[in-house]
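> So in the numbering used here, spot 177 of the sequence shown is number 191, and the numbers just go up one at a time. Glycine included, C-beta positions come from ideal geometry on N, C-alpha and C. Model, not experiment: these values are computed from the prediction.
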Amino acid sequence: MFALILAGGPGSRLGMGEKPLVTIEGTPMISSVIDAFCNAGCEAVVILSRKTPFTHAWCRARGISHYTASGEGYIEDIIESVRILDITEPFFTSVSDLPFIEADLVHEILGVYRECGKAALSTWIPKSSAMKSGSTIPYVECIGGIEACPAGVNILRGDQIGEPQDEEKLLIDDLRLAYNINTREALGKATLWKKRT
Numbered sequence: 015m016f017a018l019i020l021a022g023g024p025g026s027r028l029g030m031g032e033k034p035l036v037t038i039e040g041t042p043m044i045s046s047v048i049d050a051f052c053n054a055g056c057e058a059v060v061i062l063s064r065k066t067p068f069t070h071a072w073c074r075a076r077g078i079s080h081y082t083a084s085g086e087g088y089i090e091d092i093i094e095s096v097r098i099l100d101i102t103e104p105f106f107t108s109v110s111d112l113p114f115i116e117a118d119l120v121h122e123i124l125g126v127y128r129e130c131g132k133a134a135l136s137t138w139i140p141k142s143s144a145m146k147s148g149s150t151i152p153y154v155e156c157i158g159g160i161e162a163c164p165a166g167v168n169i170l171r172g173d174q175i176g177e178p179q180d181e182e183k184l185l186i187d188d189l190r191l192a193y194n195i196n197t198r199e200a201l202g203k204a205t206l207w208k209k210r211t
């Protein structure tokens, strides 16, 4: 199963260069995300843009599969990549700034997807967890009576890419998904949390 790791954004809010290469306790965030999906048995492909030349060089030096998309936007780059890679089965998408995601979470998400019977699945965390971690909250929905925000990990069907897909919304209350690093505040909190665990 493919896992497309989206790493083409400029990381301007963080202001520390290319965000995927920002380290926590010496490990680039993108490395942790790739490891999580590979350890779960997925084939990780990093999706880049012209805005991330250093991340491109990092992937190339390590023999990590990658594709440089046109950089039109998050959704547009996913659609382009799926068509170029000829992905027709279900696949993961993930942001590259989830430094604490691990294989067991990937397995949990995939297990729910396989049981739900829907074409797509989005992963959510409680808003309270996002606030605790200092993560940016792009928008909020009520899921199972709990205010929640996107975690940045999804499953889509390649053969339906570019079309509306019936979606399961999975709420996971796990701080490892709550640390989505977009600001220096979130990076500082993530570093402290890492030292404590």
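Return yes when the Cβ of I44 is within less than 9 Å of the Cβ of A21, no when it is not.
yes
> For E181, which three-state DSSP category applies?
strand
> Cα separation between E86 and S79?
21 Å
> Tell me, to the nearest whole angstrom, how far the beta carbon of I160 is from that of P140; I am working on the premise that it is less than 8 Å.
6 Å between Cβ atoms; contact.
> So the candidates are A133, R190, K183, A83; which of them puts its Cα closest to the Cα of K146?
Put simply, of A133, R190, K183, A83 the residue whose alpha carbon is nearest the alpha carbon of K146 is R190.
> Verify whether the separation of the beta carbon atoms of S63 and A83 is less than 9 Å.
yes
> Is the beta carbon of P164 closer than 9 Å to that of P152?
Yes, these two residues count as a Cβ contact at 9 Å.
> Check for me: the alpha helix (DSSP H) holding A50 runs from which residue to which?
Here the alpha helix (DSSP H) through A50 covers 43 to 53.
> Quick one: grab the DSSP three-state call for C56.
coil
> Across which residues does DSSP place L18 in a beta bridge pair?
V59, T107
> What are the start and end residues of each continuous alpha helix (DSSP H) run of 4 or more residues lying completely inside the stretch 103 to 155, in chain order?
Fully enclosed alpha helix (DSSP H) runs of 4 or longer: 117 to 130, 141 to 147.
> Can you tell me whether T197 is helix, strand or coil according to DSSP?
coil
> Measure the alpha-carbon distance for D118 versus M15 and round it to whole angstroms.
Answer to the nearest angstrom: the Cα atoms are 16 Å apart.
> Determine whether the beta carbon atoms of D180 and A134 lie at a separation below 9 Å.
yes
> Tell me which residues share the same chain as I175 and place their Cβ nearer than 6 Å to its Cβ, disregarding the 5 neighbours each side in the sequence.
Counting only Cβ-Cβ distances below 6 Å, and skipping sequence neighbours, we find I93, V96.
> Whose CA, out of T137, A204, I19, R198, lies closest to the CA of I48?
Closest by alpha carbon: I19.
> With distance defined between alpha-carbon atoms, name the residue in L206, G202, G172, V126 nearest to I186.
V126
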